[in-house]
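Visitor:
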Amino acid sequence: MRRPVREQDDYDVMRVMAAKGGGQGSIALFLGLYLLVLAFFIILVSISTIEEVKSKAVMDSLTSTFATILPPDMDLTDLTSKTGYVIGAEEFQGEIEGVFTTHIKAVKVEIVQPGKSMRLSMDAEELFMPDEPVIRRAQGALLDRLVSSLSGRPQALRFDMDFLIGSKYTDGTSLPIGQTLSMRRAGELARAMLGRGVPPDSLSVGLKPGNPDQVVIWFYVRGRNEAQVRFNDEQVVRDAAAPTNQVEEGAP
697 MRRPVREQDD YDVMRVMAAK GGGQGSIALF LGLYLLVLAF FIILVSISTI EEVKSKAVMD
757 SLTSTFATIL PPDMDLTDLT SKTGYVIGAE EFQGEIEGVF TTHIKAVKVE IVQPGKSMRL
817 SMDAEELFMP DEPVIRRAQG ALLDRLVSSL SGRPQALRFD MDFLIGSKYT DGTSLPIGQT
877 LSMRRAGELA RAMLGRGVPP DSLSVGLKPG NPDQVVIWFY VRGRNEAQVR FNDEQVVRDA
937 AAPTNQVEEG AP
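Position one of the sequence shown corresponds to residue 697 (this note's numbering), numbered consecutively onward.
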């Protein structure tokens with residue numbers, strides 16, 4: 697039996713309302729899921745903050761525990777700055793190697809201890825005129841770059857250079873104390889670098905037993921408060937020569 701038209705209309709209206717009610721239920725479901733996920737992330741952030749506090753507490757505990765074992769200048773919380781010093785020291789060694797290999801063809805470079813010490817060996821005539829205590833004019837740029845590298849030290853570090861030139865024994869195991877060619881060359885190099893502005897406490901020159909035609913240069917990276925140990929425990933006679941005023945014509 698066919699229903700009246702009015703009843704059919706009421707039936708259609710009820711179907712539309714039911715459909716709308718289902719859509720609102722889906723929206724409520726997604727909204728609830730969104731709030732649940734948001735609450736989850738809020739909890740994660742809260743947990744991470746708590747862990748950071750815990751890590752700081754652990755670090756403080758370690759510091760207090762090992763305070764009687766570590767040296768006074770060691771700080772467990774200052775790892776970044778300590779690491780920065782090592783990087784700077786290795787960069788200094790790389791810069792020194794570049795300076796010498798650029799200006800001197802026959803130079804032997806040895807990294808004795810990375811970030812701590814290095815040694816360079818070369819013929820004396822790579823730096824000086826033959827049989828004279830006169831620095832080659834072409835090596836003026838090398839000295840300029842060398843002084844710049846030694847002067848650019850970080851606040852907590854010092855860069856030291858020890859210049860050693862070979863000298864023969866004069867009597868038994870005694871090195872000469874007079875104005876030998878080796879002594880005059882060492883003095884000339886010191887004056888040339890001091891005249892260019894190298895920090896006086898960064899430079900030492902002297903003699904070592906060996907071939908007068910050979911030069912050895914040590915470079916050290918030290919802390920500001922470290923005691924200075926010069927020349928790798930080799931026997932050294934420090935430069936006491938008076939200025940010779942001998943400069944190659946046209947030298948800077």
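Yeah, the Cβ is synthetic: ideal placement off N, Cα and C, and Gly gets one too.
1) Residues bridged to residue 919 by DSSP?
2) Note down the Cα distance separating residue 910 from residue 817, rounded to an integer number of angstroms.
3) Could you check whether residue 793 and residue 814 sit closer than 9 Å to each other, using their CB atoms as the reference points?
4) Can you tell me which of the three DSSP states residue 835 falls into?
5) My understanding is that residue 826 touches residue 863, with C-beta atoms under 8 Å, so please give their C-beta distance in whole angstroms.
6) According to DSSP, is residue 822 part of a helix, a strand, or is it coil?
7) What do you reckon, are the CB atoms on residue 809 and residue 822 nearer than 9 Å?
8) Which residues share a DSSP beta bridge with residue 910?
9) Leaving out the 5 sequence neighbours to the left and right, which residues in its chain are closer than 6 Å to residue 841 when beta-carbon positions are compared?
10) Within 10 Å of its beta-carbon, does residue 920 have 16 or more other beta-carbons around it, so buried, or fewer, so exposed?
11) Cα separation between residue 806 and residue 859?
12) Would you call residue 851 buried or exposed, if buried means 16 or more other Cβ atoms sit within 10 Å of its Cβ?
13) Verify the CB distance criterion: does residue 921 have a CB-CB separation below 9 Å to chain D?
14) Which of the three DSSP states is assigned to residue 800 in this structure?
Guide: Once the coordinates are examined:
1) Position 223 of the sequence shown holds residue 919. Residue pairing by DSSP places residue 919 opposite 853 in a beta bridge.
2) Here residue 910 corresponds to residue number 214 of the sequence shown, with the count starting at 1. Here residue 817 corresponds to residue number 121 of the sequence shown, with the count starting at 1. Those two C-alpha atoms are separated by around 7 Å.
3) As a working note, residue 814 is residue 118 in the sequence shown. As a working note, residue 793 is residue 97 in the sequence shown. Result yes, Cβ atoms of residue 814 and residue 793 sit closer than 9 Å.
4) As a first step, residue 835 must be located in the sequence shown, where it is residue number 139. Residue 835: helix per DSSP, three-state reduction.
5) Residue 826 sits at position 130 when you count from the first residue of the sequence shown. Residue 863 sits at position 167 when you count from the first residue of the sequence shown. Not really, about 17 Å apart at Cβ, beyond 8 Å.
6) In the sequence shown, residue 822 corresponds to position 126, counting from 1. In this structure, residue 822 counts as helix in the three-state DSSP scheme.
7) Along the sequence shown, one-based indexing puts residue 809 at 113. Along the sequence shown, one-based indexing puts residue 822 at 126. Their beta carbons are not under 9 Å apart, which means residue 809 does not touch residue 822 by this criterion.
8) Stepping through the sequence shown from its first residue, residue 910 is reached at position 214. According to DSSP, residue 910 bridges with 819.
9) Here residue 841 refers to the residue found at position 145 when the sequence shown is read from its first residue. Correct list, in chain order: 795.
10) Translated into positions along the sequence shown, residue 920 becomes position 224. Result: exposed.
11) Locating residue 806 in the sequence shown gives position 110, counting from the first residue. Locating residue 859 in the sequence shown gives position 163, counting from the first residue. In a straight line, the C-alpha of residue 806 is about 15 Å away from that of residue 859.
12) Here the question's residue 851 lines up with position 155 in the sequence shown. Residue 851 is exposed by the Cβ-count criterion.
13) Of the protein chains in this structure there is only one, and it is not chain D.
14) Translated into the one-based positions of the sequence shown, residue 800 becomes position 104. Correct three-state label for residue 800: coil.
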